[in-house]
Amino acid sequence: MTRGSVLVVDDEAKIRQALTKALRDEGHEAVACGDAAEALQLLGQRPFDLVVIDNLMPGRSGIDMIREIVATTPAGERPQIVMMTAYATIDSAIEAMKLGALDYLQKPFEIDEFLVVAARAIEHGRLRTHHAYLITERDERFDHYGIVGRSRAIEEVVRRARMVAQSRSTVLITGETGTGKELVARAIHDWSAQREQPLVRVNCAALPESLIESELFGHVRGAFTGAVGNKKGRFALADGGTIFLDEIGAVSPAVQPKLLRVLQEREFEPLGSERTIQVDVRVIAATNRDLRQLVAEGRFQEDLYYRLNVIPIVMPPLRERREDIPMLVEHFIRRHARRAGRQLDGIEPEAMTLLTEAPWPGNVRELENTIERAVVLASGPVIRVADITLVSAASPGPQPLPSLNLKQNLDWVERETVRRALDAALGVKKDAAELMGISQRAMSYYLAKHRLLDDPERP
Ligand SMILES: Nc1ncnc2c1ncn2[C@@H]1O[C@H](COP(=O)(O)OP(=O)(O)OP(=O)(O)O)[C@@H](O)[C@H]1O
Ligand SMILES: [Mg+2]
Numbered sequence: 051m052t053r054g055s056v057l058v059v060d061d062e063a064k065i066r067q068a069l070t071k072a073l074r075d076e077g078h079e080a081v082a083c084g085d086a087a088e089a090l091q092l093l094g095q096r097p098f099d100l101v102v103i104d105n106l107m108p109g110r111s112g113i114d115m116i117r118e119i120v121a122t123t124p125a126g127e128r129p130q131i132v133m134m135t136a137y138a139t140i141d142s143a144i145e146a147m148k149l150g151a152l153d154y155l156q157k158p159f160e161i162d163e164f165l166v167v168a169a170r171a172i173e174h175g176r177l178r179t180h181h182a183y184l185i186t187e188r189d190e191r192f193d194h195y196g197i198v199g200r201s202r203a204i205e206e207v208v209r210r211a212r213m214v215a216q217s218r219s220t221v222l223i224t225g226e227t228g229t230g231k232e233l234v235a236r237a238i239h240d241w242s243a244q245r246e247q248p249l250v251r252v253n254c255a256a257l258p259e260s261l262i263e264s265e266l267f268g269h270v271r272g273a274f275t276g277a278v279g280n281k282k283g284r285f286a287l288a289d290g291g292t293i294f295l296d297e298i299g300a301v302s303p304a305v306q307p308k309l310l311r312v313l314q315e316r317e318f319e320p321l322g323s324e325r326t327i328q329v330d331v332r333v334i335a336a337t338n339r340d341l342r343q344l345v346a347e348g349r350f351q352e353d354l355y356y357r358l359n360v361i362p363i364v365m366p367p368l369r370e371r372r373e374d375i376p377m378l379v380e381h382f383i384r385r386h387a388r389r390a391g392r393q394l395d396g397i398e399p400e401a402m403t404l405l406t407e408a409p410w411p412g413n414v415r416e417l418e419n420t421i422e423r424a425v426v427l428a429s430g431p432v433i434r435v436a437d438i439t440l441v442s443a444a445s446p447g448p449q450p451l452p453s454l455n456l457k458q459n460l461d462w463v464e465r466e467t468v469r470r471a472l473d474a475a476l477g478v479k480k481d482a483a484e485l486m487g488i489s490q491r492a493m494s495y496y497l498a499k500h501r502l503l504d505d506p507e508r509p
């Protein structure tokens with residue numbers, strides 16, 4: 051483990067003591083102080099690998115302090131920053147990450163969690179100074195094998211996935227499209243004792259009804275027209291490992307009883323065969339449909355639903371865990387910059403704001419596609435608002451709102467309207483104002499309000 055020097059800033063002596071003691075026990079060097087002024091003074095005197103800042107302190111807040119650190123130290127010499135915040139002030143955590151903090155800890159937290167976050171931040175700083183863009187692989191390991199995010203909801207998903215990985219229980223992963231269901235299914239297999247055994251995926255929606263049975267259970271020669279040889283089914287192929295039944299909601303009523311039998315007895319007969327085959331497989335199923343609804347409509351067998359829903363894992367939509375967006379954005383920029391062979395320094399704050407506020411009906415997949423496009427299209431070393439196209443926002447049909455907060459939604463609509471009018475007017479403010487049916491004065495106001503004025507020279 052990488053050890054480093056840590057500055058703990060918190061006005062509560064008890065917390066200072068607990069954190070510095072834990073850090074020292076792990077072999078780190080720890081210094082603590084009780085307010086922002088003293089902290090800034092210490093930072094001016096000597097380098098630290100990491101500063102852990104409490105947001106709520108008398109005098110200057112943690113956010114102000116982060117702003118000051120970022121403003122006064124060049125990026126290369128800056129310590130990593132982690133902010134501690136109470137649940138009620140999660141907005142300030144997002145703000146802190148936008149300003150440049152690497153991570154945040156939600157109070158109350160466990161000391162172990164703190165140590166993991168601290169070690170990760172120190173490691174991150176080291177790697178960043180040594181070779182900025184070669185760190186992806188390691189980073190992915192720190193981020194739960196590719197599951198990026200530190201929101202409560204994602205932490206809960208990861209915790210469940212890790213726990214269930216220790217068992218052979220059936221898992222049902224539900225959630226909207228693009229929320230990471232397959233990613234989690236693969237993680238469960240990789241964390242299980244059967245990780246060296248096969249993981250076999252079946253996309254139940256992609257297989258025509260006539261084929262799904264023989265795909266799942268196999269067939270013997272002559273079982274049906276065209277069955278020229280024996281074929282092993284996917285359940286047999288997955289023996290000893292995991293079968294991932296993706297889009298389980300699409301399985302036809304004819305096949306459902308057979309699936310139920312495998313789940314109950316772990317046995318089946320290949321098509322056209324009398325011989326019963328026994329398998330030892332873990333089943334992970336996923337769907338973006340509401341299975342309970344399908345049960346109510348008589349399209350999904352109730353017994354099968356209960357057999358599948360032993361350990362449910364619900365993937366939260368991205369719009370309900372926006373605090374994960376900055377981290378996902380950084381992650382995807384690194385991934386796609388590397389793939390495209392581009393050197394990118396990051397993303398401007400306005401562009402990050404735009405991404406943090408978008409509705410993301412296609413969830414993480416849509417965010418990733420958006421970043422991939424921006425990485426390829428960016429004209430400079432930094433991704434800017436102009437490099438970002440939100441495809442879903444332009445597509446027809448009702449769009450999910452960013453939230454249920456009226457002001458937030460109105461702000462978002464306002465901003466999107468201005469942005470798209472500017473796009474349509476090829477950046478000419480006067481024309482955009484006309485499209486929007488507002489005066490040029492009002493236009494200037496909206497541009498400034500939403501910080502869309504990236505080019506003051508624009509006509
Ligand atoms: N938390 C996450 N961290 C990093 N990448 C993620 C995360 N969640 C999703 N992704 C990425 O987003 C993409 C979509 O994820 P995935 O295919 O697992 O979604 P899904 O829920 O199975 O979607 P669908 O219902 O459309 O099949 C993948 O490239 C995946 O790697
Ligand atoms: Mg999927």
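Going by my numbering, the sequence shown opens with residue 51, and the numbers climb by one from there.
Cβ atoms here follow ideal geometry from the backbone N, Cα and C, with glycine treated the same way.
By the 16-neighbour rule on beta-carbons within 10 angstroms, Met-133 is buried. Note: Leu-405 is not bridge-paired with any residue in the DSSP secondary-structure output. Restricting attention to alpha helix (DSSP H) runs no shorter than 4 residues, the region 60 to 93 encloses them at 63 to 75, ordered along the chain. Bridge pairing for Lys-282: Gly-268 [DSSP].
Summarising the contact set, residues whose Cβ lies nearer than 7 Å to any heavy atom of ligand 2 are, in chain order, Lys-231, Glu-232, Asp-296 and Ala-336. With 16 or more neighbouring CB atoms inside 10 Å of its own CB, Ile-293 falls in the buried class. Between Ala-87 and Asp-114, the C-beta spacing is not below 8 Å. Taking 8 Å as the cut-off, the beta carbon of Leu-313 is found closer than this to the beta carbon of Arg-357.
Assigned with DSSP and collapsed to three states, Glu-317 falls in strand. A distance of 8 Å or more separates the beta carbons of Pro-362 and Leu-165. Straight-line spacing of the CA atoms in Ala-211 and Arg-415 works out to 20 Å. By alpha-carbon distance to Asp-461, the top candidate from Arg-434, His-500 and Val-441 is His-500. Judged by beta-carbon spacing, Ala-168 lies beyond the 8 Å limit of Val-252, meaning their Cβ atoms are not closer than that value. Here the alpha carbon of Ala-243 sits roughly 7 Å from the alpha carbon of Gln-216. In this structure, the straight-line span from the alpha carbon of Arg-371 to that of Ala-203 is close to 7 Å. Excluding five sequence positions before and after Ala-235, the CB atoms of its chain that fall closer than 7 Å to its own CB belong to Ile-223, Phe-294, Ile-334 and Ala-336, given in chain order. In the DSSP assignment, Asp-153 falls within the beta strand (DSSP E) that extends over 153 to 157. Here DSSP, grouped into helix, strand and coil, assigns Met-133 to strand. When DSSP states are grouped into helix, strand and coil, Thr-227 belongs to the coil group. Closest by C-alpha distance to Pro-303, out of Val-56, Leu-354 and Ser-264, is Leu-354. In the structure shown, Ala-498 falls within a helical segment according to DSSP collapsed to helix, strand and coil. Secondary structure at Thr-326: coil, using DSSP grouped into helix, strand and coil. Beta-bridge analysis with DSSP links Thr-467 to no other residue.
Ile-172 places its beta carbon 8 Å or farther from that of Ala-151. Remark: C-beta atoms of Leu-321 and Ser-264 approach each other more closely than 8 Å. The alpha-carbon of Gln-91 is positioned some 26 Å away from that of Glu-76. The Cβ atoms of Leu-394 and Ala-387 lie closer than 8 Å to each other. In terms of side-chain proximity, the C-beta atom of Asn-338 is found nearer than 7 Å to a non-hydrogen atom of ligand 1.
Your pair Met-365 and Gly-225 checks out as a contact, with CB atoms roughly 3 Å apart and the cut at 8 Å. DSSP, reduced to helix, strand and coil, places Pro-248 outside both helices and strands of the structure shown, so it counts as coil. Ser-260 carries a helical assignment under DSSP once its states are collapsed to helix, strand and coil.
A distance below 7 Å between beta-carbons, with the five flanking residues on each side excluded, links Arg-284 to the following residues of its chain, in chain order: Val-250, Val-252, Glu-265, Leu-266 and Ile-293. Assigned with DSSP and collapsed to three states, Phe-98 falls in coil, not helix or strand.
Selection Arg-389, Asn-419, Arg-209 and Leu-155 evaluated against Leu-378 yields Asn-419 as nearest (Cα-Cα). Not one heavy atom of ligand 1 sits closer than 7 Å to the Cβ of Arg-245. Straight across, the Cα-Cα distance linking Ile-238 with Val-360 is about 15 Å.
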